[in-house]
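In this note's numbering, the protein residues as written are 28 to 720.
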């Protein structure tokens, strides 16, 4: 339960009614998604074709008269037919993926890279075959260039598909987290090992030490440290006990648990994460749309350049020169690197983020995150733990015989509160436990409306309550408590037989990570604001402790979106960080909505980015990932497009007057090199450290 305002802290002791926060919202509609076996199939296809075509290409190249002439040797007699036969096999078999892709693009009236590749190898094959049968001059036999071109293209596609398959393997590893079987408790008290697929909601299962939890559920018995690293990115196992939620695929590391199943199959958090990563990897960003347009432009640019090249060389050179230059232009213009530039970055960045507990639901939201200059945090449960802790304690007239010491006063207060379920009561009991105090016996416990709690301890009436109780009894609060109130603390007094014996200060505990998160955001020039429903003193105290720039206090959940809009009207690009439920309107209003601590509720519909853990420093990971992935996309886009814009004129022969003519084979090698550069640049994202420092 989240702790609300300072007034709600006093409600338990001062009589106001308070409803619990609602749980996280419902799951989004399920969408089916294809698996990732397709990438693996393509890897195997292109790997097999590459090695077969490489074996065929070696004799094709070695026995080609033109290649032999370049190296100064003469092919053996009677081998002139071998390059033509092997070249035909290479074209029809090794070139088949590109030819079918070209036909698909023609049918879709969406010319792109496959059409350019298909055109280039078709032109090379046709001219070589015509030269071999004597219809064209012998110097237009390009069997060796055709062989090299197909082999290089297959290598490039193998690299591309391999990279995509490796990034998609993160989803496969998520699926592999689920065990095949589960130990289910039957109605007669016995247990049976059943396939996980047979589990239904409300089933009770036993998870042994070291075992994986088979489905989402609630712990009903036992206490264990659970490794949730693949879900939340948190490297340290977290303690889970009766009443806590656990997630499918996580590991009970040290003790056994009994778990009541609450979600199975596609309804589990793990399945939701898989869907989100898949959707994010397939979603289209502005940069991707720009790359798609660039591929279309490059098609027309390449064919326009080819036509101009043909005209120029027919006028200034020979038909053979014109054909050679046209083929070279078409080879160089293949936008292979351009097609790889963005999808590979998207795939790697989303997979990398998922491993760090950053779940990207909307690629556009992640893309916008790099421009954020104001982060608006919800206070309760985000910057704070959402649970009160004891922050101060004082006694009155110690030694008077009523209470002997601070520890005795705390023990009596904890005993009086021990039967209460209120968060403040639990905080007092926890503080006594941390000090190792033994609680005295209690009788006649009562929670009194507007008057806190009362109980009998050692024959004495002990009361614990807030300012309302003190005023009702006509007593003056202890002097020390005024400073606590000014700092936004909740103040409870402890009375024995109607006499004040001490007071306790409690506050919503600020996360230790929050200070570092705010400090690092400031270092990056990003402003930090906080919105909360708490009273002004509480909000100001937390803001002062963390160094927050701007505070919105006493804001109801439905009005938080107005505060986001207010910051946007000031020219700010706002990232809103909240729990994804009470803050849903604000998350939707923000330029970037980030739901924090939603590891078991991946369907936080209003957020574009979901942090599976509750560490506010993960917001910095989102900003770093956004900047790094966008920068890599831009670099790849400029390299792929810029390379083609420079290389095509060289292939056309613009430097021929000064004696430089780009050979077609060199053009093919350079084109493949650009693909490798783009792939290696994208793979650098794997080294990006997204874990909080």
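Each residue gets a CB set at the ideal place from its N, CA and C atoms; glycine is no exception.
Quick caveat: nothing in here was measured; it's all calculated off a predicted structure.
Anticipated Cβ contact below 8 Å, residue i with residue j, distance rounded
i: residue 88; j: residue 176; result: That belief does not hold up - the Cβ atoms of residue 88 and residue 176 are roughly 11 Å apart, past 8 Å.
i: residue 178; j: residue 80; result: 5 Å
i: residue 357; j: residue 147; result: 4 Å
i: residue 141; j: residue 125; result: 6 Å
i: residue 275; j: residue 296; result: 7 Å
i: residue 634; j: residue 614; result: 5 Å
i: residue 264; j: residue 280; result: 5 Å
i: residue 170; j: residue 155; result: 5 Å
i: residue 372; j: residue 700; result: The pair is not a contact, with the Cβ atoms about 19 Å apart (cut-off 8 Å).
Bounding residues of the alpha helix (DSSP H) (the contiguous stretch that carries residue i)
i: residue 543; result: 539-550
i: residue 227; result: Residue 227 -> no alpha helix (DSSP H), and no H or E assigned at all.
i: residue 495; result: 494-499
i: residue 512; result: 508-513
i: residue 767; result: Since the first residue shown for the chain is 28 and the last is 720, residue 767 is missing from the structure and cannot be characterised.
i: residue 674; result: 645-679
Of the residues the options, the one placed nearest residue i, counting alpha carbons only
i: residue 267; options: 588, 236, 296, 540; result: 236
i: residue 287; options: 298, 335, 213, 344; result: 213
i: residue 643; options: 547, 333, 211, 128; result: 547
i: residue 12; options: 651, 453, 489; result: Because the chain here runs from 28 to 720, residue 12 falls outside it and cannot be looked at.
i: residue 636; options: 669, 602, 248, 502; result: 602
i: residue 145; options: 134, 161, 127; result: 127
i: residue 526; options: 500, 115, 508; result: 500
i: residue 604; options: 587, 209, 480, 593; result: 587
i: residue 756; options: 161, 685, 347, 489; result: The structure shown does not extend to residue 756, since the chain is modelled only from 28 through 720, so no value can be given for it.
i: residue 438; options: 375, 528, 402; result: 528
i: residue 675; options: 71, 291, 169, 336; result: 336
i: residue 334; options: 353, 347, 324; result: 353
i: residue 705; options: 684, 682, 665; result: 665
i: residue 392; options: 653, 244, 479; result: 653
i: residue 612; options: 589, 285, 450; result: 589
i: residue 538; options: 242, 640, 677; result: 640
i: residue 530; options: 542, 502, 545; result: 502
i: residue 703; options: 180, 158, 234, 117; result: 180
Cβ-based burial, residue i [other Cβ within 10 Å; buried from 16]
i: residue 485; result: exposed
i: residue 579; result: buried
i: residue 687; result: exposed
i: residue 65; result: Because residue 65 sits at a pLDDT of 49, beneath the cut-off of 50, its placement in the model cannot be relied upon, and the following sentence gives the value as read from the coordinates. By the neighbour-count rule (16 or more Cβ atoms within 10 Å), residue 65 is not buried but exposed.
i: residue 345; result: exposed
i: residue 535; result: buried
i: residue 340; result: buried
i: residue 673; result: exposed
i: residue 671; result: buried
i: residue 338; result: exposed
i: residue 368; result: buried
i: residue 723; result: Any answer about residue 723 is impossible in this case: the structure gives the chain only from 28 up to 720.
i: residue 471; result: exposed
DSSP state of residue i mapped onto helix, strand, coil
i: residue 575; result: coil
i: residue 169; result: coil
i: residue 565; result: helix
i: residue 109; result: helix
i: residue 184; result: helix
i: residue 345; result: coil
i: residue 536; result: strand
i: residue 29; result: Note that residue 29 scores 33 on pLDDT, short of 50, meaning its location in the model is unreliable; the coordinates nonetheless yield the value given after this. Reduced to three states, the DSSP call for residue 29 is coil.
i: residue 447; result: coil
i: residue 526; result: strand
i: residue 60; result: Interpretation of residue 60 is limited by its pLDDT of 34, a score under 50 that renders its predicted location unreliable; the figure taken from the coordinates is listed afterwards. Correct three-state label for residue 60: coil.
i: residue 53; result: Confidence at residue 53 is low in this model, with a pLDDT of 29, below 50, so the placement of that residue should be treated as unreliable; the coordinate-derived value is given next. Coil, per DSSP.
i: residue 580; result: coil
i: residue 287; result: strand
i: residue 610; result: coil
i: residue 197; result: Interpretation of residue 197 is limited by its pLDDT of 46, a score under 50 that renders its predicted location unreliable; no figure is taken from the coordinates.
Near the ligand PLP: residue i beta-carbon under 7 Å from a heavy atom
i: residue 232; result: Because no ligand of any kind appears in the structure shown, any question about the ligand PLP cannot be addressed here.
Residue span of the beta strand (DSSP E) that contains residue i, given as start and end
i: residue 470; result: 470-475
i: residue 605; result: 601-605
i: residue 268; result: 265-268
i: residue 97; result: Looking at the DSSP string, residue 97 is not in any beta strand (DSSP E); the run it does join, the alpha helix (DSSP H), is 92-98.
i: residue 281; result: Note, residue 281: premise wrong, no beta strand (DSSP E); not H, not E.
i: residue 415; result: 411-422
i: residue 213; result: Segment: none, residue 213 is in no beta strand (DSSP E) and carries neither H nor E.
i: residue 250; result: 250-254
i: residue 483; result: 479-484
i: residue 556; result: 554-558
CB contact below 8 Å: residue i versus chain C
i: residue 612; result: Note that chain C does not occur in the displayed structure, where there is just one protein chain.
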